[in-house]
Amino acid sequence: MNRRRQAVGALVILLWLTGCGGKKPPEKTPVPVTVSVAELYSGGTNARYSASIVANVQVSLAFKSAGYVTEVLQVRSPAGGTRYVDQGDWVKKGTVLATVREDDYRNTLQQAEGQLNQAQAATLNAQQNFARAQALMDANALTQPDYDSAKAQLDSTSGSVKTAEGAVKNAKQALTDCRLAAPMDSWVANRNVDVGDFAATGTVGFTLVDTRLVKAVFGVPDTLLGKVQLGQKQRMTTGALPRAFEGRITAISPAADPKSRSFQVEVTIPNPRNELKSGMIATLDLGQGKLERAVTVVPLSAIVSPSNGMKTFAVYVVVSEAGHDVARQRLVELGDTYGNRVAVTQGVTVGERVISNGGTYVIDGQAVQIAR
Amino acid sequence: MAHRGDADLIQNERGTARFCIENRQIAWVLLLGTIVGGIYGYTRMPKRKDPDIPVRVASVITRWPGGTAMQVEQLVTRPLEQSIATNQYIHPPTGGDYGIKSLSMPGLSIINVQLIDTLKDTKREFNDMNLKLNAVQLPQGAGPVNFNSDFGDTAALMLTVASPLEDRTAIAVRAQGIRRAIEKVRAARRERAKGNPLTIVYCFPLSIQPELVQRNFRLVVQWAVAKGYLSSPEYLAGPGFVGVDFFSEQDDASILALGRSFVQQALHESEIHPDAWPPVIVHDPAQAEDRLAANPGSKYSYRQLDEFTDLLGRTIQGANEVSRVDRNGILNEQVYLDYSQERLASYGLQLSNVSNVLNARNITAPGGVLDVSNKKNLIIDPSGQFNNFEEIGDVAVGTSDFGTAVYLRDLVDISSGYQSPPNYLNFFSRWDDHGHWLRTRAVTLAVQMRQGEQVGRFSVRVNEKIQAAQKLLPADLLIDRTSDQPRQVKENVDLFMDALYEAIALVVVVSLIGFWEWRSALMMAFSIPITLAMTFMFAFAVGVDIQQVSIATLIIALGLLVDDPVVANDAITRSLVEGHPPLISAWLGPTKLAHAIMFATITNIVAYLPFLLLTGSTGEFLFTLPVVMTCALVASRIVSMTFIPLLGYYLLRPAKKAELTIEERRARGFTGHYYRLGKTLIDHRWKTFAFSLLFLVLGGFVGQKLKSQFFPEDVQYLSYLDVYLPNDAPLIATDQAVQQVEEVVRQTVEKFEREHHGKGGKPGEILKTITSFEGGGGPRFWFSVTPQLQQLNYAQVIIELTDKDYTPLLVGPIQRAITSQVPGTRVDVRQLQTNPVEYPVELRVTGLADINPLEEEKDIRTMRGIAHSVKQILRDTPYANRVRDDWDLDGVQVTLKVDPDRANLSGVTNADVAKSATAAMSGTQLTTLRRGDQQIPVVARLTMSERGQLSDIQNLYVYSSQTNNKVRLEQVSSIENEINTLRIRHHEQFRTISVQCFPATGHLASEVYKAALPRLNELRKMLPPGYRIDVSGEQAKQEQGFQNLVVVMAVSVFLIFLALVFQFKSAVKPFLVFAATPYGVVGALLALWIMDVPFGFMAFLGVASLVGVIVSHVIVLFDFIEEMHEKGEPLEQALLDAGIVRLRPVMITVGATVLALFPLALHGGPLWQPLCYAQIGGLGVATFITLLLVSVLYSIFVLDLKIVKWERIERESGKK
């Protein structure tokens, strides 16, 4: 009995001991996070615009002399043989592109010349009459009214000669105008006439463009008007060509388009190889210039809301405390967004490590471990 | 209670036992019938792994694109919740469970509703709810209300269909083209001095035009050139690939990393074609094939997987046993028109024009019928449906000034792809034949079994169907059973049946040793199967299924089942010894004990039957326990009164050696020791009693030390991980996190493998497969795993091991590895649970004070403040890990503030801004391409390079719907950062933040709770009015469960008491009977403590059911004491003689019960261990108590307290 009691006593003590020497609470493991360093950014915003390319000079070549088109410039065709000049052909200054039937104008010219001859003949006659009248007048053999009449006739006929001379000149010009010639070295952008067409006065026969310089035209809103200045260099790209082009801003419209409230801006770009074509769409980034003051930026994913539920922004910064990496919460104020980064105007300094992944799951003062 | 004389019985008894002996042919037929009935019942009973607990949960999903979380909460969730709440069968809110809970997110409202457990016909209530929900007035643009009442259905089978990697032949063909292209480019190079060029090759499906890929590819290259990472690039392209040849000083890995980082920054990585291959770097053109082979893409595209699984699903659906097949992980096809604002604008077109033109062409319209000379009907078909996506490009959308047609393909890039970004993906990882770990895309089919079908047959039929379909599918397509209930059922039933067979064998061995006679042992060997057969027959009749609870109940009952035959057997033998002929003694013995057996049976039945009062899922889980127990006890009682006498008649013979007289037994052998010890104890009865009290105190002390765990986890092949990212994470981020998580899982398992198997471990020895569902949970593959509904920031990763015993060992290391290695995610590694508790520690902060809808912000802030304090308290406790709340932090959102004045002056409206922004960023559907049975949306979206970055939004043009104006977004709006609540949860219609945490490994939830309670109570005192902190999680379930059990136990004890009062016709003696039970309980607690098993529901159950077993033993003992008393023995002798007589049967019964429990304890896993150990310990101790202490207590009652009167009874019997 005694022995048994001892045994039970020992058992109780054993129980008590094991009960007290329970397992120690486990160490809390550091939370894995990824960090990125807060850095200075001065690149400024990128505002992308699309501009349409227009030729520097574009001419609509219209017929002045109406008539049936009798001839159109023939050029060598890439397919062999010849063909009429057409869009995409290069023409030199003075090349005759099309001709309307000249006969009509030649007739007119003859007519005019005939009339001029008549008028000259009449003038000759009038001169002779007047000379006679002058002589009679000097001899007081003529009445004043007769003399005046002879003088008036002379004046009138010499006027007719001038008119007739003008008409001849016009007719000559009209005859010249039957040949539509290129006013400059240029590309044919369009041809509207064919042999046999009736070209009325003012009918645009050809469109010629000079694209050795091209203009890119785009509209900017008033808010960004400050970012464009005359003479400013501007790069642009097109969807069609792999390389970028550079030009200068040459014109800024003084008034906004009333519909879209945007201001038209022109960039002139040299295009010696004629790569940029009129009507192409170019994309340009505006405002690639530096910011006035560099800002501290952190990735957008670093921004969290503080754990206490307040309506402010916070980031977690990893700091070394007693040799361990510890997360510290910083309340921050946010500025503009640049790409996928955001400016922090207060709370974080450049060079600090902010938690970019895992910030949602740490708390202030928690030990962290930087993954990868 | 009076015992009738033998002569009287022989004269007058007309019981079943006598009937059976005297009509043996009838009895034999009945016996045969019982066995056949039992076998029939067993084979026809539905088999399951776990009891069928219907999940009475439905989900309500409502979308409202554009609504903020708060708007969704107020305008969608609230009215819907109110409508649901009008149903009267909603589950009552309790600490551990819910009736209605909801989650409001930006653009999405999810409500879960649970009906009460007692409701049988859930469909009717759900239909009613659905009707009411459809009548709820929702704000414009919201809806439709998507009511899913099948949410609770568990898939019997989860088939994951995965694509293998591209095969070598196809790689070789591609490589040849690539090699030629590289050689051509390099031959044309002039600068050779720069060193050796290298080529990046990017492969994609042949259906994609290289030009489309090239555009973005060029962007990357241009950026790399600008940064100086590479120089003099020359592009190459061919069918299915693009590439660039260049010079670089960087090494291969860093070039790929740089490219990837640029893609992440400037392009949408999520929109890269999922069928594209990872880029590879080729140095020597001849190596191209090897390089490609080292990193190939998947062989089958998502479209093919869709087609394959569609066929497979429909084939399986053809099996009668299958009720439904759902597919998960299908990526819907889409045709994309990538447009550039500038290009479109330069043609003077808007998207709406394009849409009109497409829809005018793509019609299915009747054109009328032409009757051709009364003989034939000709159908005129004017439809111009698109047959493939290329045709869309051929549509002329306008004419140029020169009259030439402008085709759509000239304006936009047309490509056929998939829904992008995807919102749900499925991946499957496994070892390939060469021992490489592979992760490929997959589609998972969830196959549901029709109600009432046999799971084994279901499995066979599904297999047949799969084999039939496989003949039509490519041979290398992987089809894996990632969750396999038939297998689990088979294994589990087999396991438990094995435990049952072992238990039966042990019982026979015990009886052989106990009786030390083969005839009696043979009797036992016959009687148990007969009893079980009858039990199965009864159980089948009452509709019980075979699962772990019902089989375990049989094992637990085995001890009790044995009791009756043992006693009957003993009685027959004694009758034979007394000299009655076999024909008489075969029924006389049992009949004499009929009364005692009857009461013992009733006591046991009433001890278990109150378990029917258990409520909730626990009640449903254990429903079969009392039912099967009752069946078994009734069967045992019937068998012992019918077939045992029958068998006894044939088998039992009087012992050749005359039985020892009681005097001899008092003196000799084991019984002699017992007699002497008993005598000493009765002499020193007060000391003994005091000592026994000390034992009780010790028990109380041990009870304090026991840890508690409500329900243990189930040990299964599968375990799963919940992966959460911050609320605003896109699917691509989730995918990256999941890949990291999978990698860590694999490494951890491999490390474990090395530690446990040494270096020679083959791959796949432990880790079998990993199946991941991203953007939402997979199908419900386990009844207690509630799938998470569509959330881009969530993924479920299911791990399958080859040996389920490793699962509990690996869960801890995997959790630790992930927590310390994967940044920016919250991962919970979970084992499957028998009784689901989502979070072991959960505290709910509820705000009931949101009276003023305008002060919502303030309400939410107050709640967040409280939740913050609660989290702090939990974090400060030493055992809490992974503390979080289920709202998560507010998200930082970028909002586009439209300046209405500026917009107005510029001629656009907010609606125009919204329309243009969505069209550009997310795309707008223009028309539908109909192909086969599929309707493929044709979506226009801005080309990738124009919307890659946040700042690109500002560069969008907004088109006016009224005028022909277009203005830049920047002109009329500004970007602002805002903090928004992204997740609002309701519990029973009120905002609730649940603060959750997990106990550190090796600790239990109860420890965390205990540590946090004092400060929590302090916090509770300081809460503003209207705010509450409720305890949920395991603690609440446990409290509720234990309360429930206490009631059950009280009812059970009272019923036993009542039975005893009837039996003894005394209100005092039952207390004596009960006196043994506390010792049994202490024994149970001690056993639990020694085995280091936590005290939980099942242990409690074991303790509760102990009472019945102990009491039934004491009853039979008392019966003998009374008999001795009647024989006129003095008290002390009567007590000890009864003990001597009972010693053997009690030892045999207890030995049988205890030993029968060992197989269950060994195979049953953590669920049954506590119950088994509690019963083993309890019975072990209680047996000694019954045999020794009961006599001590009895003598105290009689001699000292004089409550029970011994002399009087003696006098009465003397009179008799």
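From first to last, the protein sequence lines are chains A and B.
According to numbering that gives the first Met the number 0, numbering within the first sequence proceeds without interruption in unit steps and concludes at 371.
According to numbering that gives the first Met the number 0, numbering within the second sequence proceeds without interruption in unit steps and concludes at 1215.
Glycine included, each C-beta is placed from N, C-alpha and C at the ideal position.
Asked                                                                                                                             : Found
Residue 516 of chain B, DSSP secondary structure in three states                                                                  : coil
DSSP three-state assignment for residue 736 of chain B, whether helix, strand or coil                                             : helix
Residue 1230 of chain B - partner residues in DSSP beta bridges                                                                   : Because chain B in this structure spans residues 0 to 1215, residue 1230 of chain B falls outside the shown range and cannot be described.
Span separating the alpha-carbon of residue 522 of chain B from that of residue 611 of chain B                                    : 33 Å
Euclidean distance between Cα positions of residue 678 of chain B and residue 1131 of chain B                                     : 8 Å
DSSP-derived helix/strand/coil call for residue 262 of chain A                                                                    : strand
At least three beta-carbon pairs within less than 8 Å, the stretch 1177 to 1188 of chain B to the stretch 1106 to 1124 of chain B : yes
Chain A contact for residue 366 of chain B (CB, 7 Å cutoff)                                                                       : no
Neighbour flag for residue 31 of chain A against chain B, beta carbons, 7 Å                                                       : yes
Chain A within 7 Å of residue 966 of chain B, Cβ atoms only                                                                       : yes
Positions along the stretch 312 to 326 of chain A whose CB lies within less than 8 Å of some CB in chain B                        : 312
Chain A within 7 Å of residue 825 of chain B, Cβ atoms only                                                                       : yes
Through-space distance from residue 66 of chain A to residue 202 of chain A, alpha-carbon basis                                   : 10 Å
Residue 140 of chain B, buried or exposed, once every other Cβ within 10 Å from all chains shown has been counted against 16      : exposed
Nearest-angstrom Cα separation, counted from residue 1134 of chain B out to residue 1195 of chain B                               : 12 Å
Of the listed residues B/932, B/939, B/872 and B/961, nearest to residue 906 of chain B (C-alpha basis)                           : B/961
Residue 992 of chain B at chain A interface by Cβ criterion, 7 Å                                                                  : no
Contact with chain B by residue 204 of chain A, beta-carbon distance below 7 Å                                                    : no
Under 8 Å from the C-beta of residue 222 of chain A: neighbouring residues of chain B                                             : 969 and 970
Contact list for the stretch 109 to 120 of chain A against chain C, Cβ threshold 9 Å                                              : Looking at the structure shown, chain C is missing, and the protein chains on hand are A and B.
Rounded straight-line distance, which links the Cα of residue 1040 of chain B to that of residue 662 of chain B                   : 52 Å
Nearest neighbour of residue 704 of chain B, chosen from B/102, B/402, B/1088 and B/671 [CA to CA]                                : B/1088
Close Cβ partners of residue 17 of chain B (< 6 Å) along its chain, the five nearest in sequence each way excluded                : 586
Element boundaries [beta strand (DSSP E), containing residue 44 of chain B]                                                       : It is not in any beta strand (DSSP E) - residue 44 of chain B carries neither H nor E in the DSSP assignment.
Residue closest to residue 964 of chain B, alpha-carbon to alpha-carbon, out of B/85, B/47, B/344 and B/60                        : B/344
Exposure of residue 330 of chain A, with buried meaning 16 or more beta-carbon neighbours within 10 Å                             : exposed
Range covered by the alpha helix (DSSP H) that runs through residue 356 of chain B                                                : 350 to 360
Start-end ranges of the alpha helix (DSSP H) lying completely within the stretch 187 to 261 of chain B, minimum 4 residues        : 209 to 226
Simplified DSSP assignment, three categories, for residue 1002 of chain B                                                         : coil
Closer than 6 Å: residue 262 of chain A CB and nearest the ligand SAH heavy atom                                                  : Of the ligands one can find in the structure shown there are none, so the ligand SAH has no counterpart to examine.
As assigned by DSSP and simplified to three states, the class of residue 1012 of chain B                                          : helix
Closer than 7 Å at the beta carbon, the chain B residues around residue 250 of chain A                                            : Here the premise fails: no neighbours, minimum Cβ distance about 20 Å.
Within chain A, the residues that residue 845 of chain B reaches when beta carbons sit closer than 7 Å                            : Correct list: empty, because the minimum Cβ distance to chain A is about 16 Å.
Beta-carbon separation (whole angstroms), residue 791 of chain B vs residue 729 of chain B, contact threshold 8 Å                 : 6 Å
Within 7 Å, strictly: CB atoms of residue 132 of chain B and residue 146 of chain B                                               : yes
Rounded C-alpha distance that separates residue 363 of chain B from residue 348 of chain B                                        : 26 Å
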